[in-house]
Each structure stands twice: as structure tokens, then as C-alpha cells.
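So the structure is just underneath, and the comments pick up after that.
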Amino acid sequence: MSLIKTENLSYVYSQGSPFQVTALDNISITIEKGEFIGIIGHTGSGKSTLVQHLNGILKPTSGKVFFEGTDIFKDRQTTKNVRFKVGLCFQYPEYQLFENTVYDDIAFGPKNMGLSKDEIDEYVLEAASFVGIKKELLKKSPFELSGGEKRRAAIAGVIAMKPEVLILDEPTAGLDPKGRKRIERMIADYRQATESTVIIVSHSMEDIARTVGKVLVMNHGKAEMFAGVDEVFSKIERLPEIGLDVPSITRIMLRLRSLGYDVRTDIYTVEQAKDELLFLLKERGVL
Amino acid sequence: MNNDLLVQFKNVSFRYENEEGEEQNPLAVKNVNLDIRQGECIAILGHNGSGKSTLAKLSNSILIPTEGSVIVDSMDTSDEEKSYEIRKTVGVVFQNPDNQIVSSIVEEDVAFGPENLGLPREEIRKRVDDSLKAVGMYEHRLAEPHKLSGGQKQRVAIAGIIAMLPKCIFFDEPTAMLDPQGRKEVMKTIFKLNREYNITVVYITHFMEEAVLADRVVVMDNAGILMQGTPKEVFSHGERLVEIGLDVPQVMYLSKALKQNGVNIDTDILYEDEFTDKFTALFGEKNVTD
Amino acid sequence: MIKDITIGQYFPGNSVIHRLDPRLKIVLIFAYIVAIFFCKNFQSIGLMLLLLFVTVLLSRISLKLIGKSLKPILIIILITSLLQIIYNKNGEVLLEYWKIKITTGGVYTAVFTTIRIAALVLASSMLTYTTSPTMLTDAIERLFSPLKIFNINVHSIAMMMTIALRFIPTLIEEVDKIMSAQKSRGADFESGNLAKRGKALIPIFIPLFINSFRRAYELAFAMECRCYRGGEGRTRLRQMKMALRDYLAFLITTASIAGIFVLNHFFAAVI
Chain A
1213 MSLIKTENLS
1223 YVYSQGSPFQ
1233 VTALDNISIT
1243 IEKGEFIGII
1253 GHTGSGKSTL
1263 VQHLNGILKP
1273 TSGKVFFEGT
1283 DIFKDRQTTK
1293 NVRFKVGLCF
1303 QYPEYQLFEN
1313 TVYDDIAFGP
1323 KNMGLSKDEI
1333 DEYVLEAASF
1343 VGIKKELLKK
1353 SPFELSGGEK
1363 RRAAIAGVIA
1373 MKPEVLILDE
1383 PTAGLDPKGR
1393 KRIERMIADY
1403 RQATESTVII
1413 VSHSMEDIAR
1423 TVGKVLVMNH
1433 GKAEMFAGVD
1443 EVFSKIERLP
1453 EIGLDVPSIT
1463 RIMLRLRSLG
1473 YDVRTDIYTV
1483 EQAKDELLFL
1493 LKERGVL
Chain B
2 MNNDLLVQFK
12 NVSFRYENEE
22 GEEQNPLAVK
32 NVNLDIRQGE
42 CIAILGHNGS
52 GKSTLAKLSN
62 SILIPTEGSV
72 IVDSMDTSDE
82 EKSYEIRKTV
92 GVVFQNPDNQ
102 IVSSIVEEDV
112 AFGPENLGLP
122 REEIRKRVDD
132 SLKAVGMYEH
142 RLAEPHKLSG
152 GQKQRVAIAG
162 IIAMLPKCIF
172 FDEPTAMLDP
182 QGRKEVMKTI
192 FKLNREYNIT
202 VVYITHFMEE
212 AVLADRVVVM
222 DNAGILMQGT
232 PKEVFSHGER
242 LVEIGLDVPQ
252 VMYLSKALKQ
262 NGVNIDTDIL
272 YEDEFTDKFT
282 ALFGEKNVTD
Chain C
167 MIKDITIGQY
177 FPGNSVIHRL
187 DPRLKIVLIF
197 AYIVAIFFCK
207 NFQSIGLMLL
217 LLFVTVLLSR
227 ISLKLIGKSL
237 KPILIIILIT
247 SLLQIIYNKN
257 GEVLLEYWKI
267 KITTGGVYTA
277 VFTTIRIAAL
287 VLASSMLTYT
297 TSPTMLTDAI
307 ERLFSPLKIF
317 NINVHSIAMM
327 MTIALRFIPT
337 LIEEVDKIMS
347 AQKSRGADFE
357 SGNLAKRGKA
367 LIPIFIPLFI
377 NSFRRAYELA
387 FAMECRCYRG
397 GEGRTRLRQM
407 KMALRDYLAF
417 LITTASIAGI
427 FVLNHFFAAV
437 I
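Chains as they are written, first to last, in the working numbering: chain A, 1213 to 1499; chain B, 2 to 291; chain C, 167 to 437.
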């Protein structure tokens, strides 16, 4: 049985008003347990709207969402429970911190789950260690933390519910290179340790190509492609057409190709590019 | 020689004040010396909390140095009577476009600065139209800001500054909150202002691909200036940059990886087209197509 | 969702009503609202409704939207009408059942109250629907500028209104987002008693306040950077000048209001 499944999912904002917008248009996708998925799309492509359906925050205008085979909108209790199983961390989550201490803020989710005090403690400490928030920081006010720490504390607040699926909407937005790398590594470690399903929403292929296994490309509310990273890269020319960025390394390969060099263009890491270019140089007898 | 000096930071240090009795804050900016000349295009690089944003606010007397002085067009920013003139000379565009737009209609927001300057109505109209055209937002002049995209909002904010006809604009991480599309729009606008309108621009960023496009890169670390120079000079210290939490462009990693494998290619390559030019040159002239 | 509320919203357009001088619009709508309460019979209130109807048509705002603006006050109208019908014992008795006595007086008052409340809401909605918030605050600033002599800083008040209006959509979006984020962590805003629901708002209001302070702080910097130093010496992009249409609107409205008194005089009062 698939973990998450959407069936002809459509969502219309402000239906019936002059501002009516179709945000999602007939999306049918299946996500299996343990997958690492990237969702990319330009602003307004529906990627954030889609993930808010996966944990029941938004209710489809038409179509269905299933979690482990159950319709998540079957009744209120089911919808409520699915939020603990599908943890969704919004964009700029640090702007949602509110408790007196970092500890209490991370504990907000576990408390709402109705756990015992000991369990809450266990969940909070585990989540804090995943995101690299030291014990001393837990007693501090979340507003005393640095920007990067706030972001990680906020992510911990979602991880602390021990969700089966972790969804992160633009987790690295606005951070400096060091902060970005730190979050990327943290997500990878978390996945390895928990073997949970992880979904990352992003604007650009560059951010996710190296890490995820499968990519869902959203365009104007439609699922344009949903395939393995390599397969998406084999159709890389399509991305700029729908307003998306191509990784720098891929752009170089595309440029070489357009200059008449027979190189692969489904390449996105320095390592792959190096091998491909060395191969070309050797083949032509330059090296 | 010094005539074209526009903004000068002289041994500038700055400390955010704390409530009395509390522990003193560390210096946000420490002993900075920086000369900005008329017409330059400068990128300031640094990780979060390295003091970059404070520098922007020091440039037009929003903040006054704790020590040292900032001279704008031969006016000292600590001279309160000059603050009005100084802000006319040096404008600042901030990170979050939402928090710098005052009015609910694009053109009225752009008019806000000129209105404060007490200009006659016809002059305001002209400046508003010219500024909106310069940033490519003229056709949206009657739009409501909250219905625009991030990149468009940021361009409206830029128009609001250029309507005051400043000689220099500081951009404090103008693209940090934008999507790739918005980032491109805003960077294009910044370079256009520099090249076509001869406005001196200083932009703070932590995107390496943006930094390499400047004439001069200033790297901040620990509240001070760590190094500065042309992009080539600065990025030749790649390891040091990574050490302080920054990065180098991907293309530089690629050329280094090739060099390590015996390919005769420069390792200071910063731009994609520069790479493809140098790479294709390896094949000689005859060998292009087959 | 909160985003769907239309009261106070502005619908851009280029109709005659949109282009009227906002100062005049405020004055006329105020006069109109006062006048409604002077209507004593169906003839005079009919005239006022006709005036409103013509205004709505001229503004080219869809009738559907107009209907929508009345929706939130439906309950208020129903309750007040019901109370009038039950408690007003004037006039002929139409129906008597147990302790309830329905009289013509009650029915007439109920109908008039309904019309008055609806007309009041519609007229003020017409003002906000057809006048951009900035125009509105501008007009208020100019209309009330004589208050300066009482040491009231009209400019500051108008500036605050401008900024408030500018940030309402931003903050609504923000509340929406914070709510969704906290719901994602299992927050429950929909069940429990009043105290519990009140407590459930803390995770929304604290971040909202903190973010608003941050915004205010940044906005203050941005305004200083644009040489803002209060109302003194400020000029304006938009000038307000009365045009022919403004004089016409003024004439029509005053004539209608005069018409009320004529009609009140010639036809019998029903309330």
C-alpha cells in the first residue's frame, strides 16, 4: 500500500469570487514509504498549496487525499491525526515561534498529541539533537537565538511529533551558504536515522538535485513531471520554459552542447561534470 | 584624486545600545575603512550576522557610528542637520519589500519620497513615472502592492528610492527573500541603474553568483572587513571564504577538479561563459564539430 | 477564509463614481446616511433607494458583490426586525396570537429599519468600494485639516491610517499562515469552551505581534531613508480638484435630500 496518494486533487482559491484562482489542477500522485522527494515549481505553481493538502490543512475542492489507504478527510478526527503523521514545516518557520523557551516551543506539537510528560521530554530532546540545538539553548527564549538557530528550532518543533512523513517548505530560504549546507546535512542525517519519508519544496533544481531521489515538477497547478532525478534531467530543457532555474553545472553542459560538443546534459554535480569532460578530452586526444 | 569619493567609512565601529545595567553588546561593526567611489558597483559578502546590514544603515545616517566617521559627499553623517541631504544622496533598499512599501497603490508609494522632499506636483509626477519606467514597473503603477510578486514589490521599493535621485544606493540583501525569477529581475535592475543611470550601487548578498558580477567585492567577517578586491582576487582565496561560511561559484569547483586531473585550465574561473570559452579553447581550432 | 471578507475592500475601476472627489464623496455619503433617518414614508425612502440604486449602477460594481456585502449584517437585520415586530404595538392590529400581537406599526418599523440598515451599509460600502484607501485617507486628512488649530495632528493620524490600510492584507495573510503552521503542529482552534479557545489563540497572537513589531521597526527605517519627517513641508502627487461631475453629484444629492422633506410633507407618515 502506498503511503500518500492523491486522486484527481484540485483546489480553487476564493471560489465564486472575482479573484478565483485554480491553484491545483487534477493532481494524482503516489508517494511510497521512505522516499525522498523534491517538489519544484515557480512561485504560484501550487507547490505550497499541494503540501498543505497532504497534512489536511487545506481541503480539496474536488478529489481525494489518502494516507495509508484512508481518506484523510473522512472525519475530523482522522484529519486531526494525520497532522501528527505528516509533519509540515512552513516557509520561514521561525516567524511562528511563540513560547517562552525553546523547549516549550518544540514541545507544542507533542503536547497537542496528548503525550505524557516523560514522552514529551524524550521527543523534544531527540528532535533538538537532530537539528543540532544544544541543551543550554533549550532554556533560552526562542527570540534570543540567531537566525539559523531559530530556523532549526522551528524545524525541531515539527520533527518532535515524530511524523512518518516530514515536509519542509523552502527550508533554506534566506540563509547564508553555511546555514544552507547545515540544514541540508541535517535533513540527510535525519532521513538516515529515522528512515522516514521526506519531502522538500523548493524553487530551484540546484538546491535539491544533489539530495533527493525523485522530483515532482509543478507548473500552473499541474503535475508536469514526477520522476527520478535522472529522468527529470533528461528533459532538462523543459525547466527554463516553465520558469525554473537549471543548476549551474547543467547550464555549462547545455552550453557546451549548443557549441557543438557531444556531452551529456543530464548532469548536475561537479563530480559528474568532471568525469564527463575528462572523458571528452581523452576521447578527442586533448588529454 | 579624491574628488570622486562618494561615501567614505573612516575607522567606523558601531555597537547597538543595550538597556542600562545589561551586558554590553559586542561591536556590530569593528574598525571598518571603506571608500566608495562615484559610479562603482560593489558587492558586500558575508555570512548572517557579519555586520553587513549595519553597514548599510550607517551609510545614510540611520545609524551614527559609535567610533570613527562616515562621510557622504563631504558631509559627516553625525551632523544631524545634514541627515536630510545625506539621505537624498544615499538611499537604502532593504531585504523585505513588504516592510518598506508605505502606500496601497504603487505610484503613490513611489511618490512618498519626492513628497517628503516637498517637490512641486509636476516634478513628483515626472519622477514617479521615470522611476517606474527605470525598474520596468510603469504598467503596474496603479496596482496594489500586495498583489504583486516578490520581485515586483522589490522593484517598486527600488523605484521609491530612485525617485529621490540619489547618487548612491545601498541594497541590503535585496534578493534574500525572492524566488529565482525575482532575484534575476532585481539584479538586472541593480546593474541597469549602475550602467545606464550612473548610480553608484553597493549590494549586500550571500549568493556567490550575484557577488561575482560586481566590479569590487568586499568580504565581511566578524564585524570587520576581511578582504576586498576584484571578484577574481577575492575568489582566489576560495578556501578562506569557505572557512568563514561562504562559498565559491560551482564553476570554480569544476575548473579546480579538472586541473587536479591534469587538464590545463585556469582555476580562477568565475563565470559559466568564461569556462566554456576556456574549455573549448583546449581543443584548438579545428576540433569543434563532428 | 478571512481573505473573502469584502467590507472595506476597494474595487479598482474608472467609473464616474470612482472618479468623484473623495472629499465630496465622504460628505455626500454622510449626508445621505443622516437623510435616510429623516424619511417618514415609503415615497421618501423610495427616493433615497433610487438614488442609491443609480449610484450602484453607475459604479459598475457587480450586484453580486453588493449582495455579498450585505450578508454579514443579515443576522443583525433579522433580529432587529423581529424585535420591532414583536414589541412595537402601534397602529392597527394585524394578527394576534397568545401574547404576541403584530401591528402595522411594528411591520412598518421593521421594514424601515431593515431598509435603513441595509442602505447605511451599502452607502458606506460604496464609499470604500469606489475609493482607494489612499484617496480616502488623503480626503480625510484634507477635510479635517482645520482641526490643526486644536493641536490635533491630522497628518499623523492620516499617515497611520494609510499604513494600517497598507498592512491589513499583509497581516491577514500572515495570520492565515501562522494559523496553518500551528494547526500543522496539532493546534486546535475549533473545539473546546471559550476559555480553551481563547488560550488557543496565544500561538497565533504572540508571533503576530512580534512580527508586526519587526515590520514596524523596518518600516520606520525605510521611511526615514525616504526623508520622512512628518507632514511639514510635504507636497502631494495627487491634487484634489472639483470637476463638473462633482458639482452634478452634489446637486443631485442635495436635490434628493430636499425631495425627502417635500415627500414627507405631501404624503402621510407611516412611522
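Backbone N, C-alpha and C define an ideal beta-carbon position, used for all residues, glycine too.
Note that the structure is a prediction, hence the values are computed from the model and not measured.
May I ask you to report which of helix, strand or coil DSSP gives residue i?
i: glycine 233(C); result: helix
i: leucine 1387(A); result: coil
i: lysine 287(B); result: Because lysine 287(B) carries a pLDDT of 49, less than 50, the predicted location of this residue cannot be relied on, and the following value inherits that uncertainty. Three-state result, lysine 287(B): coil.
i: arginine 38(B); result: strand
i: methionine 1325(A); result: coil
i: alanine 289(C); result: helix
i: methionine 1417(A); result: helix
i: glycine 1359(A); result: helix
i: aspartate 5(B); result: helix
i: valine 73(B); result: strand
i: asparagine 430(C); result: helix
i: serine 14(B); result: strand
i: glutamate 68(B); result: strand
i: asparagine 1431(A); result: strand
i: lysine 1182(A); result: Summary: the structure shown does not reach residue 1182(A), with chain A confined to residues 1213 through 1499, and so no result is reported for it.
i: cysteine 1301(A); result: strand
i: alanine 1235(A); result: strand
i: asparagine 377(C); result: helix
i: threonine 1282(A); result: strand
Run the CB neighbour count on residue i, radius 10 Å, all protein chains shown included, and call it buried at 16 or more, exposed below.
i: alanine 1485(A); result: buried
i: threonine 1282(A); result: exposed
i: aspartate 274(B); result: exposed
i: proline 167(B); result: buried
i: threonine 290(B); result: Note that threonine 290(B) scores a pLDDT of 48, beneath 50, so its modelled location is shaky; the value from the coordinates is reported in the next line. The residue in question, threonine 290(B), is exposed, as its Cβ has fewer than 16 Cβ neighbours within 10 Å.
i: leucine 155(C); result: Residue 155(C) lies beyond the residue range present for chain C, which begins at 167 and ends at 437; the question has no answer from this structure.
i: phenylalanine 1278(A); result: buried
i: glycine 1258(A); result: buried
i: arginine 128(B); result: buried
i: asparagine 34(B); result: exposed
i: asparagine 199(B); result: exposed
i: serine 291(C); result: buried
i: leucine 403(C); result: buried
i: alanine 164(B); result: buried
Return the Cβ separation of residue i and residue j in integer angstroms, given the expectation that the two are a contact with Cβ distance under 8 Å.
i: alanine 415(C); j: leucine 186(C); result: 6 Å
i: isoleucine 1284(A); j: threonine 1273(A); result: About 15 Å separates the two Cβ atoms, so there is no contact after all.
i: glycine 151(B); j: glycine 119(B); result: At roughly 32 Å, the Cβ-Cβ gap does not stay under 8 Å, so glycine 151(B) and glycine 119(B) are not in contact.
i: arginine 351(C); j: glycine 1326(A); result: About 13 Å; that fails the 8 Å criterion.
i: alanine 57(B); j: valine 13(B); result: So it is not a contact: roughly 12 Å between Cβ atoms.
i: threonine 419(C); j: alanine 284(C); result: Going by Cβ atoms, the distance from threonine 419(C) to alanine 284(C) rounds to 19 Å, so no, they are not a contact pair.
i: asparagine 1238(A); j: serine 1226(A); result: Not a contact, Cβ separation roughly 19 Å.
i: proline 175(B); j: methionine 209(B); result: Not a contact, Cβ separation roughly 16 Å.
i: arginine 1(B); j: asparagine 26(B); result: The question about residue 1(B) has no answer here: the residues shown for chain B are numbered 2 through 291.
Using the DSSP secondary-structure output, state which residues sit across from residue i in a beta bridge.
i: arginine 217(B); result: Ile43(B)
i: glutamine 229(B); result: Val219(B)
i: phenylalanine 171(B); result: Val93(B), Val203(B)
i: tyrosine 263(C); result: Ile266(C)
i: isoleucine 1411(A); result: Ile1249(A), Ile1379(A)
To the nearest angstrom, report how far apart residue i and residue j are at their CA atoms.
i: isoleucine 191(B); j: proline 232(B); result: 17 Å
i: glycine 1253(A); j: serine 1414(A); result: 7 Å
i: isoleucine 1318(A); j: alanine 1340(A); result: 8 Å
i: lysine 169(C); j: glycine 1455(A); result: The pLDDT assigned to lysine 169(C) is 48, lower than 50, so where the model puts this residue is not dependable, and the model offers no usable value.
i: asparagine 1267(A); j: alanine 1421(A); result: 25 Å
i: tyrosine 394(C); j: lysine 260(B); result: 55 Å
i: arginine 332(C); j: serine 104(B); result: 6 Å
i: threonine 1418(A); j: isoleucine 1395(A); result: It should be noted that the sequence gives glutamate, not threonine, for residue 1418(A). Approximately 15 Å between the Cα atoms of the pair.
i: leucine 190(C); j: isoleucine 372(C); result: 41 Å
i: threonine 78(B); j: serine 51(B); result: 22 Å
i: proline 181(B); j: aspartate 1457(A); result: 7 Å
i: glycine 265(C); j: leucine 429(C); result: Correcting the residue type first, residue 265(C) is lysine in the shown sequence and not glycine. Computed Cα separation, rounded: 37 Å.
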